[in-house]
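**Student:** According to our numbering, the sequence shown is numbered sequentially starting from 6.
For every residue, glycine included, the Cβ atom is placed at its ideal position computed from N, Cα and C.
The structure displayed is predicted, hence computed values, not measured ones.
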Amino acid sequence: AVAGTAHLWDGRPMDDLTKRSIDEFLDAVAQRTPTPGGGSMAAAAGALACALARMVGAYSVGKNAEEGVRDRTEALVDQLRRVDEILRGLVTQDAVAYAAMSAAEKAARENAAMKPTHQDAVLAAAAVPMETAAAASQALAIMDELKDFANRHLLSDLGVAAVLAEAAARAAWYMVTVNLPEVAHAATRTKLREGIDQTLQHCQSSARSIEGFVRGRLENRETGSR
């Protein structure tokens with residue numbers, strides 16, 4: 006998990022991107038600057054998914070709920086909160102990792118002795134979206150269990166959360182893959198590729214389960230079925 010203050014490659018602290026207003030954040034993304042970019046947006050999508058699923062969970066802990074169901078729902082919401090915190094941290098961490106990789110690449114072009122440092126920076130940059138995808142997978146697994154306890158009036162929100170979480174993982178796949186050609190060791194490239202592919206498959210499986218459940222319930226309401 007990513008925690009604490011993120012720092013740039015030269016030791017200077019970097020502003021927490023999640024502390025900006027939505028307008029400020031989106032405007033920063035739109036600028037002709039490399040960060041925040043796709044990796045930060047992937048993490049942000051995952052955090053949005055967790056926040057929305059947490060809302061569903063909060064509305065699903067009613068005073069009339071059975072004690073066991075209420076306790077389990079509260080536990081799932083707490084798990085989502087922890088994943089949410091990880092993803093929020095990754096929004097800024099991705100920008101930091103990219104900046105460090107860019108600086109290391111420039112240094113390696115000027116001095117061959119810096120190539121190992123560049124490789125470390127490439128792996129660090131790939132590790133951030135890998136963690137984003139893993140967090141999205143964890144969030145989807147939690148939502149897949151939460152669906153059975155979810156307030157039926159908020160099932161559409163849970164469906165949206167699942168879509169966003171899967172999108173976060175799919176976006177993270179791109180951000181890992183774009184860095185693979187820069188990884189010098191073939192075995193490491195293969196491991197990264199297999200890891201992100203497997204994580205994405207898990208995400209897609211959970212998302213299908215959630216969306217199938219939600220769609221079925223919404224369609225039954227539309228037709229008046231139970």
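State the DSSP-derived secondary structure class of residue 25, mapped to helix, strand or coil.
**Tutor:** coil
**Student:** With 16 as the cutoff for other CB atoms within 10 Å, does residue 36 come out buried or exposed?
**Tutor:** Note on residue 36: under 16 other CB atoms within 10 angstroms of its CB, so exposed under the neighbour-count rule.
**Student:** Over the uninterrupted alpha helix (DSSP H) stretch that includes residue 60, give me the two end residues.
**Tutor:** 43 to 65
**Student:** Between 95, 116, 213, which has its C-alpha nearest residue 150's C-alpha?
**Tutor:** 213
**Student:** Does DSSP classify residue 99 as helix, strand or coil?
**Tutor:** helix
**Student:** For residue 162, I'd like the list of residues in its chain whose CB is within less than 6 angstroms of its CB, leaving aside the five on either flank, ordered along the chain.
**Tutor:** Cβ within range, chain order: 57, 61.
**Student:** Between 46, 40, 112, 129, which lies nearest to residue 175 when the distance is taken from Cα to Cα?
**Tutor:** 46
**Student:** Taking the alpha helix (DSSP H) that residue 134 belongs to, which residues open and close that run?
**Tutor:** 120 to 151
**Student:** Excluding the five sequence neighbours on either side, which residues of its own chain have a C-beta within less than 7 angstroms of the C-beta of residue 194, listed in chain order?
**Tutor:** 185, 188
**Student:** Measure the Cβ-Cβ separation of residue 147 and residue 84 and say whether it is below 7 angstroms.
**Tutor:** Yes, these two residues count as a Cβ contact at 7 angstroms.
**Student:** Return the chain-ordered list of same chain residues with a C-beta closer than 6 angstroms to the C-beta of residue 123, the five sequence neighbours on each side being excluded.
**Tutor:** 109, 110, 113
**Student:** Please confirm if the region 127 to 138 is in contact with the region 20 to 29, defined as three or more CB-CB distances below 8 angstroms between the two stretches.
**Tutor:** Verdict: no, contact absent.
**Student:** Note the first and the last residue of the continuous alpha helix (DSSP H) segment covering residue 171.
**Tutor:** 160 to 182
**Student:** Let me know the secondary structure DSSP gives residue 39 once reduced to three states.
**Tutor:** coil
**Student:** Out of 201, 156, 219, point me to the one whose CA is closest to residue 173's CA.
**Tutor:** 201
**Student:** Residues in the same chain with beta-carbon distance under 7 angstroms from residue 180, minus the five sequence neighbours each way, listed in chain order, please.
**Tutor:** 43, 44, 47, 134
**Student:** Can you give me the Cβ contacts of residue 64 inside the same chain, cut-off strictly under 7 angstroms, excluding the 5 residues immediately before and after it?
**Tutor:** 156, 159
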